[in-house]
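Below: the structure, in structure tokens.
See the structure below:
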């Protein structure tokens, strides 16, 4: 019988994060699977002068912003009865970081919100769609 | 606690159908959810003369092909220990039929293979991707 062993919930701080967490928690409990909550602090795009589109990591020199993200994730986890869960903060482009983390940590199911169009995703396409294309494991898109 | 009550497994007859069935069956058992297996007999595109791209339902007058599809689905279900499951055959464009069936039957999770590029999907994009965009419920893309 097929089962999931390690579930990754990719959460942002929109209202849909709670639904993603609730669905991921439910699945982890049903399967007795490990659960990791991942939040990606998104890189901001800037348009240079002559040079075209490029990225700048606004957060690289601002550790207090990473710390704030960590605290926000801890708070969210606690509010959803997930205090004992593995929490992870990364910086970068969400679809890249989510799929890379999943690949490197033997994740067999990624849970992501299906309306995650915000920030750079508005330009590059939804995170759910991108994760679906790039992930090497199952992807559950939670409808918000 | 969140739970799934009615799961729809969208299956074709490629090798990935078995994986989709196995994951859907596992989820249905964990949640005690109803499970419906849906196969969409795909419409075939033809290119007319002066008229541009249009559809013709090759199966409309060929009930024996529908019957064959039903028998194939029954056989597949039996082989995957899903004989008692609700089986459904529809004709049309898979993404349209899958999402419409889900909407009309209070499905809360659609399970679909993530590599379903075949037939008209080669032209119009993968079924998983289209279902993700159009479904009003959660979508699980099973990686093959």
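Residue numbers (this note's numbering), protein chains in the order written: chain A, 1 to 144; chain B, 1001 to 1144. Just so it is clear, CB atoms sit at the ideal spot from N, CA and C, and this is done for glycine as well. In this text, all values refer to a predicted model and were calculated from it rather than measured experimentally.
In chain A, what lies closer than 8 angstroms to residue i by C-beta?
| i | result |
| --- | --- |
| residue 1139/B | 114, 140, 141 and 143 |
| residue 1023/B | 2 and 138 |
Measuring straight from C-alpha to C-alpha, what distance separates residue i and residue j?
| i | j | result |
| --- | --- | --- |
| residue 136/A | residue 130/A | 12 angstroms |
| residue 126/A | residue 1041/B | 30 angstroms |
| residue 1028/B | residue 63/A | 44 angstroms |
| residue 144/A | residue 1002/B | 13 angstroms |
| residue 1066/B | residue 82/A | 48 angstroms |
| residue 134/A | residue 99/A | 7 angstroms |
| residue 1005/B | residue 1138/B | 12 angstroms |
| residue 1103/B | residue 1033/B | 17 angstroms |
| residue 73/A | residue 22/A | 14 angstroms |
| residue 1094/B | residue 70/A | 42 angstroms |
| residue 1015/B | residue 78/A | 42 angstroms |
| residue 1090/B | residue 1019/B | 21 angstroms |
| residue 1096/B | residue 1113/B | 16 angstroms |
| residue 111/A | residue 1088/B | 28 angstroms |
| residue 85/A | residue 8/A | 11 angstroms |
| residue 1108/B | residue 1039/B | 18 angstroms |
| residue 1092/B | residue 141/A | 24 angstroms |
| residue 1068/B | residue 1037/B | 16 angstroms |
| residue 1128/B | residue 17/A | 22 angstroms |
| residue 1132/B | residue 132/A | 9 angstroms |
| residue 1101/B | residue 35/A | 32 angstroms |
Identify every residue that forms a DSSP beta bridge with residue i.
| i | result |
| --- | --- |
| residue 86/A | 36/A |
| residue 42/A | 92/A |
| residue 110/A | 8/A and 139/A |
When we look at the beta-carbon of residue i and count the other beta-carbons within 10 Å, is it buried (16 or more) or exposed?
| i | result |
| --- | --- |
| residue 80/A | buried |
| residue 1030/B | buried |
| residue 1106/B | exposed |
| residue 122/A | Residue confidence is low: residue 122/A scores 46 on pLDDT, short of 50, so the model does not pin down where it sits. Its coordinate-derived value is still stated next. Residue 122/A should be labelled exposed. |
| residue 11/A | buried |
| residue 1075/B | exposed |
| residue 1025/B | buried |
| residue 13/A | exposed |
Which class does residue i belong to by DSSP, given the choice of helix, strand or coil?
| i | result |
| --- | --- |
| residue 1003/B | coil |
| residue 1080/B | coil |
| residue 129/A | helix |
| residue 1020/B | helix |
| residue 101/A | helix |
| residue 13/A | coil |
| residue 1123/B | With a pLDDT of only 47 at residue 1123/B, under 50, the local geometry of the prediction cannot be trusted, and the value read off the model is given with reservation. Here residue 1123/B sits in helix by DSSP. |
CB of residue i to nearest heavy atom of the ligand PLP: below 7 angstroms?
| i | result |
| --- | --- |
| residue 8/A | You won't find the ligand PLP in this model; it holds no ligand whatsoever. |
Chain A partners of residue i, CB-CB under 9 angstroms?
| i | result |
| --- | --- |
| residue 1037/B | Simply none; closest approach about 16 angstroms. |
For residue i, go through chain B and note every residue whose CB falls closer than 8 angstroms to its CB, in chain order.
| i | result |
| --- | --- |
| residue 83/A | Here the premise fails: no neighbours, minimum Cβ distance about 16 angstroms. |
| residue 31/A | 1030 |
Whose Cβ in chain B lies nearer than 9 angstroms to the Cβ of residue i?
| i | result |
| --- | --- |
| residue 129/A | 1129, 1132 and 1133 |
Any beta carbon from chain C within less than 8 angstroms of residue i's own beta carbon?
| i | result |
| --- | --- |
| residue 1136/B | Among the chains of the structure shown, chain C does not appear; the protein chains present are A and B. |
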